[in-house]
Every structure is written in structure tokens, then in C-alpha cells.
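Chains as they are written, first to last, in the numbering used here: chain A, 1452 to 2150; chain B, 333 to 426. Backbone N, C-alpha and C fix where the C-beta goes; we use that ideal spot for every residue, glycine too. Please read all numbers here as calculations on a predicted model, not as lab measurements.
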Amino acid sequence: MAEHYLSAYLTATGAASLYWPRHDQCVALWRRDGDEVTLVRYWELERLSGLKHHYWPSFDDAHRRRLLDSLLSSEGLTLADVDEVWGLPDLGDSSPLVDFARENGVSVHSVGHLFSCLLLDSELFAGGTLVALAIDGGPDFVLEPRTPSSWYCGAVVRDGVLHVRPVQSPGLLYTAAVMALGLEPGTLMASTCLCSCTGDLAALSPAELAGRTFFGARDNGWQTATRLVAAALTETRELLAAGLIGGCGEDRLSPEDHVRTVVMRRIQEIAEQIAVDDVRGLLEEFDVDPREAHLAMSGGSALNCPTNSRLLREFGFRGFQCPPCANDGGQALGLGLAGLYTTGVLPAARFRFPGAYVGPADVDLAAASSRYADAIVDRSDFDPDRFVADLTAAPVAWVDGASEIGPRALGHRSLLADPRGIESKDRLNAVKDRQWWRPVAPIVLEEQVAAWFEGGHRSPYMLETFPVAPSRRAEVPAVVHLDGSARPQTLGADDDPRLFAAVSAFAAHTGVPIVCNTSLNAKGEPIVQTASEAIAFCLAKGVRVAYVNGTRLELAVPARELPAAGPRPRRLELFAGQEPERDRLWRELEAQGIGVEIMALVARAPHLRVWLDRPSVRRVLTSIAARTVEADPAWQLYLTHLEMTYGPGGTFEGAFTGGGSAEDALMPLVADLFPAGEREQLRPRSTAPSGRLNTVPQR
Amino acid sequence: VATPATENTDATTRRLVEILSERLEWPVDASTGEHTPLGEEGLGLDSLMVVEFALDIEEEFGLELNEDEMLEMAGMTLREVAEFVSSRAAAAAS
């Protein structure tokens, strides 16, 4: 008889829901039939809630059970059918994977990321050699019995024997830049090549970096990162004021764009070097020949395609393994695989990651047809030739079956466009309210990737970058980034037959086996899930044609009011209405003398929770909190975010408008350091942030 | 010349290093010793970790520290913490 397991990256319930945050919450359902394990379904809650980087908790156990039952109902199951739950401190038994993390001296969070890249193919795990990095900005602390001293890990597995080691992460520098500049990591990554301005930054010179490390708590890597980034920004702004940068001739950029380019180019160099050093250390310690090994990467830093490509190129690994959900949205995948490994199920049983299309399949075209009957003026079956005509005329929306997991649209919830004119890129960036220089990624037929991209090879999840072949660049200007590179998704017939037929028809007609692909969502909202959400997006943005599960819908602006574009709640019934319980918990803590400033600190130091009944401990934490706010303005923003989101008066619906900005919702990872001599201003704010993002960046 | 008091402090320092390693799971090595500061240029404990360390010390040595003592510890070396712990333990015994 089959067994079912759940892995859940959700918050703890009760008071802990207020002080142990998790963002990018997600749930995975697993099934075991004898010696076969399958990943049945994967839910990223942001797709259901509409709240980007979904961080809204279930405040009590009953609500969380209802939420899980509701998810499971699409598979004909309830929580009572589930044999084990991993990932939560107060449901199921996560002790095997917590013990595994402690035995190896690394965070549980990093173990989650590690297994999400290490065990995607049990046969490769059992019989091959893998070198893995699990690197990101920093851990959540929900399953940690004590504050872990090493936040990230690397691993080598050879013939099923696994060795785990703490490693350094480039993610701290990126997260410090996110908080200083108020932009998401992907935007910063794209900022490394906007112009030719260069600056030899003393603040980030090899001499300045010598001896500095980024292991996490044990070396205060977060403080190192924030200080370095702040100093680099100050120095670069001085270069700008002195006229030493900003005069490269790229007049479409703002002064701040030039500053950001200079700083991010150097940070990217350092980030790559940290990953290179990590890999070299593992190869040397375990005497691994990379030509015989696969590289496995996960954690938010694994979404940094230039780093992945550099590691593959420089070491000559024979293959690459990385889940499409490398960020925290992949924690449920990794926690599940870690649970299956630490309880002895894998790799004895067989498992192979089924690909990205394991998200919810609830498209519900019937509901959309009825809701938007007045806007759908024509309906027909998918026809490849018609698709070509549509695409050459304007961008089209493409929705098909189960959604892709991970932050990048992979052709099941995509906005597609003709890559042959730069105006497609401009149009897509306008639709997405993005800066003009943001790159648009291509989907390319796998059999042609090498002809169009230098060193191009299969890359189904858009996790590597290749130079576009110079002789081809003029043919596909819309997908060539300013540095001549692109981040393609390769597409084979087996990956998705219908999309393959569509792109093949475009190739046959134009000679170009490539289409532009960007995610189907407005600025600040998660990728759409249902047909209704897709049509609302199309109507709001003037997209005339949508393909939904193989049906072509031609849309016209209806007589009634246009749907609003942008972040808004989706399935309120799953998340809203918990406020009375939340207020009760909040007031209970306050009555015990535990205010928001203590909650924020306990988020980072889980062990202290058990001591909060002692007045002296509460007083010392209050004192630390006061100093921390004084030393680090990000703390005040974070406290305000906590109060607005979780404090009395805040609502789930309000989180869409009043939740604060990206950097506000990101938990600062450092308290003040002693001795208290110098209290420098750690984080000067950007003078020109690109607008307030109502999101939490991936860590 | 080793006196009973300095021997006692040496033993306490060694015990503190063990607590760091075993309970706080903090990386220590051969260079970690009496002159190692808890904070910057030393173990690199931030103030929250110092509070965790102080609570471990309380349990281990049967003391209760007030908030000022916890905060003061942050600026000490391991030897200074050991002397502080020893004096508190002696005061409690007398």
C-alpha cells in the first residue's frame, strides 16, 4: 500500500507564528509505492495567495490543518492520509533531519537546500559523484534548537557516501546590496553590465577582503557584508561626484544606475570567487576530479546564472543538477528529500525529479470563460500557424496545465513574444513595469541551442547563461542582454509537446528557433495560477491573445471596468480571517512583557525563547534591541513591518498595500557587536530606489 | 607560580571553551584561550550570542546573572569571564 509524506515550509503555529518568520512558504506531497518515490504535487503558497514571497502565517494549528487539507483535496487526500510530515517544529517529526544538520555543524535550512539539489536523481546519488553547494542569504531559524554557527553547507557524495562541510556564501553580499539598494537580487544581477564605467574600489579591494569570511554567524559575515557594501556605495558615489564615473556615454542611465553598475560588477566578481573557492576546497579535500563529477547547486545564490556557468566552465564538471526552485520556494522539496534520506527511504528506493511542471493544475478555464464571457470574442483550438501569426503581431499569454515551480516562468505561465525586434523587449518590460535594460530570456529549441549560443547545451530551468553567438545577435536582439549573454530555457519535445509544437512552427516560419519568454504576472505579484488571473492580466495590460490549455482565446476590452493589474489577494478563504486569533497571541505576548523588539531578536536566536519568562532576560534583550535599532536602521524598518503585518490592526489584505517594502520585510541578520566602541552608520539608503516593492526578496 | 586561584581560573577557562564548543556549538580551535575576546577580533559572538553563552554559563555553574552582567561579559576575554565566574561562585559559597 502506498504511503504519503508531506514536507512543509510553513510557519510554526501559536506565539511562534509571530516571531519565527518564513517567506516563500511551500508544501510538497510525496508518495511511496514500495521502492518507488514520486513527487506528486508542489504548492508555492504565493501562487495561491497572491502575496509575493508569501510570508503570511497560519496562526493556529486548526487553520494550518485546514490549509493543508485544502491543498491535499486536489489529490483526493486529507491530512489523515499522510504518514509523516517534515519541516515543522510542531507537526510531524523533523528530528532526523534536525539531528543530521547538528551532526554536520550546519543549519537545518542549508540541509533543506542541499538535498533539493543533491537527491534529484537517486541513482546518480547512489552511484555517481556530486559536488554540491547550498548557498543563500541566510537561514530561517524555525527548526533550529540553537543558533547555528555555520549557515551554509557544501557536500561531496561519492557512490552514496555523503560528506557535508560548512562553506562560505556569496549571498550575504547580495542580500546586503538588496537591503542597501532596495532592489531584488535578479535586478541587481542584471545591473552588472549596464555601462562601461569602472572604478577600482578600495572598499572592495583584495587587500580589504583579505581574511574576511562569509560563513554566517560564526564570523559575523552579515556584518562584514553590510559594512563592505555600505563603504563601497559611499566610495562610488564620491567617484560619481568627482566626475570619475558616470561619463561613459550611456545617457539612458541615471547617475544611480552608474553607481549600481560599478558596485554590482565588483560584488558579482567577489560572489563568483567565493563559490569558486568553496568548490575548490571540496574538490581538494575529497580528491574529486570534476570531469567525473556533477555540480549540484541550490539556495537563492544558485539563481545567479553567471556563477553557475563559471563553475561549470572553470572546473569542467560533467553535468549540472539544480532544481528550478533553488530559492526558499524550494525548501519543501529539499526538506522532503532530506526527510526521505535521513529516515533511510532514499536512496534505497528510487526517485527522479519529474521536472518543473508539478505545481497546482487548477486552471479552470470554464470559470474564466463565464467570468469574462463579454471579453472573449473568439475561441478556437491551438493551431501552430495561427500561433505564429499571433506571435509575430504581438506578445501572447500562454497558460498550460500544472504550473512550473520556482521563480522563473518555464512555459506554463508565460508571456511569449517575437525575439526578432528590440521592440519586443521594450514592450515586455513596459508590460512588466521594469527598467528598459532588464533582459528578456529566450526559450530555444534544444536541438538548436548550440547553433545560437556559444557553449549552449540543455538547460531546462533557465539556470545557466551563455553568450549569444555573435553572428546571430542581430537576428534576436530582444533576448540579448547588454553584455551579449542570454539565459535560455531549452525546450525538447518531451519537455512540453504543445509548446514545442508552437516554437517549432515559429522556427519553421521564421528560421529562428527562439521565442521571448517572461513570467505571466504584473509587477509585484507572483506568477498567475488560473485562467481567470491570466485573462485579467491580459485585459489590464492590453494583451489580445491568450492560449489556455490548448484553446486560443481572442480578447477584446470589455465594456465594463478593466480589471486592476498588480498585487491583490487571490484565494482569500485560505489565508484571511485569522486576525482575532493573531491579536490574541500578540496581546498574550505583550502581557508577558514580550514586545515586538524582543520577538524580532528571538526570530534569530531560537534558543532564547525558553528563557523569556525571566525578567532579566527580557531586560537584556530590550537593551540589545535598543542598541541594535540605533546601530542599524534596517531593524527599525523590520520592527515596523512586523507590527504592521502581525500586530493588532494588520490584516492579510492589508499586507498587499501596507506591508512595507522589500528591504523592510527582510529580517536583519545581525545584532550589534561588542565591544561597542564604534557605532557606524551601517546602511546608507539609496537616494534613488526604484519604487517600493511589496515583497520579501529571496534569501 | 601557580596558585590555587589561578589553577581554578585556568580550569574555568577550559570549561568555558568546552561550553562554547559543546553547547553553543561555536567553532573553537587550539588558538582559543584565555586571551581570546568574546566579541570582535576574537570569538565574534554578537550580543545575542553572548546572552546565549551567559545562559549556558548560568546553568553550568549554577549562577544567576543580571542583565548588566550579561552585557558586560560581551567586552571581556575568556579569562576575564572565568575570573568573573569564579568570583561569583566564591561569593555564592561564602
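Excluding its 5 nearest sequence neighbours in each direction, proline 1805 of chain A has C-beta neighbours in its own chain below 8 angstroms: Thr1489 and Leu1490, listed in chain order. Distance from the CA of alanine 1799 of chain A to the CA of aspartate 1486 of chain A, rounded to the nearest whole angstrom, comes to 7 angstroms. No Cβ-Cβ contact shorter than 7 angstroms links isoleucine 1718 of chain A with histidine 1709 of chain A. Using a Cβ-Cβ cut-off of 9 angstroms, serine 1642 of chain A is close to nothing in chain B; its nearest Cβ partner there is about 31 angstroms away. Neighbourhood of threonine 1598 of chain A in chain B, by CB distance below 9 angstroms: Leu356, Glu357, Leu380, Met381 and Glu384, in chain order. About 27 angstroms separates the Cβ atoms of aspartate 1572 of chain A and arginine 1473 of chain A, ruling out a contact at the 8 angstroms cut-off.
The Cβ neighbour count for glutamine 1772 of chain A, taken over all protein chains shown within 10 Å, is at least 16; the residue is labelled buried. For glutamine 1772 of chain A, the uninterrupted beta strand (DSSP E) segment begins and ends at 1770-1772. Listed along the chain, the chain A residues whose CB falls inside 7 angstroms of the CB of leucine 403 of chain B are Val2071 and Ser2074. Taking the Cβ atoms as the reference, glycine 1622 of chain A lies roughly 7 angstroms from glycine 1750 of chain A, within the contact range of under 8 angstroms. For tyrosine 1460 of chain A, there is no enclosing alpha helix (DSSP H); the enclosing beta strand (DSSP E) covers residues 1454-1460.
Taking 7 angstroms as the cut-off, the beta carbon of leucine 1522 of chain A is found closer than this to the beta carbon of tryptophan 1494 of chain A. By a beta-carbon distance limit of 8 angstroms, valine 1966 of chain A does not contact asparagine 1972 of chain A. Their separation comes to about 18 angstroms. Judged by beta-carbon spacing, tyrosine 1470 of chain A lies within the 7 angstroms limit of valine 2053 of chain A, meaning their Cβ atoms are closer than that value. The beta carbon of glycine 1563 of chain A is closer than 7 angstroms to those of Gln1782, Gly1785, Leu1786 and Ala1789 in its chain, skipping five residues each way along the sequence. Looking at the backbone, the Cα of leucine 1933 of chain A and that of glycine 1633 of chain A are separated by about 22 angstroms. The Cβ of asparagine 1671 of chain A sits closer than 7 angstroms to at least one Cβ of chain B.
Proline 1977 of chain A and glutamate 1497 of chain A do touch by the CB rule: their CB atoms are close to 4 angstroms apart, below 8 angstroms. As for any alpha helix (DSSP H) of minimum length 4 sitting wholly inside the stretch 1478-1554 of chain A, the runs are 1496-1500, 1512-1524 and 1546-1554, ordered along the chain. Per DSSP, isoleucine 1965 of chain A lies in no alpha helix (DSSP H); the unbroken beta strand (DSSP E) holding it starts and ends at 1965-1970.
In the three-state reduction of the DSSP assignment, glycine 1795 of chain A falls in the coil class. Secondary-structure assignment with DSSP links serine 1865 of chain A through a beta bridge to A:Trp1849 and A:Ser1970.
Beta-bridge analysis with DSSP links isoleucine 1894 of chain A to A:Gln1940 and A:Val1966. In this structure, the alpha-carbon of glycine 1943 of chain A lies about 15 angstroms from that of alanine 1902 of chain A. Within chain B, no residue has its beta carbon less than 8 angstroms from that of leucine 1571 of chain A; the closest one is some 30 angstroms off. Methionine 1913 of chain A sits in coil when the DSSP states are folded into three classes, being neither helix nor strand. The residue from A:Lys1992, A:Tyr1506, A:Trp2062 and A:Thr1464 with its alpha-carbon nearest to that of glutamate 2032 of chain A is A:Thr1464. In this structure the stretch 373-393 of chain B does not touch the stretch 2040-2051 of chain A; the number of beta carbon pairs closer than 8 angstroms is below three. Using a Cβ-Cβ distance cut-off of 8 angstroms, the stretch 1864-1876 of chain A and the stretch 1844-1853 of chain A are in contact, since at least three pairs of beta carbons, one from each stretch, lie closer than that value. In the assembly as shown, tryptophan 2086 of chain A is a buried residue. Its beta-carbon has 16 or more other beta-carbons within 10 Å. In this structure proline 2057 of chain A is in contact with glutamate 1595 of chain A, their Cβ atoms being roughly 5 angstroms apart against a cut-off of 8 angstroms. Burial state of alanine 1937 of chain A is buried, judged by a 10 Å Cβ sphere holding 16 or more other Cβ atoms. Any Cβ of chain B closer than 7 angstroms to the Cβ of alanine 2056 of chain A would place that residue at the interface, and such an atom is present.
Below the 9 angstroms Cβ cutoff, chain B contributes no neighbours of leucine 1690 of chain A, its closest Cβ being approximately 29 angstroms away. Going by C-alpha positions, glutamate 392 of chain B is about 20 angstroms away from proline 369 of chain B.
Across the structure, alanine 1987 of chain A and alanine 1653 of chain A are spaced so that their CA atoms are roughly 50 angstroms apart.
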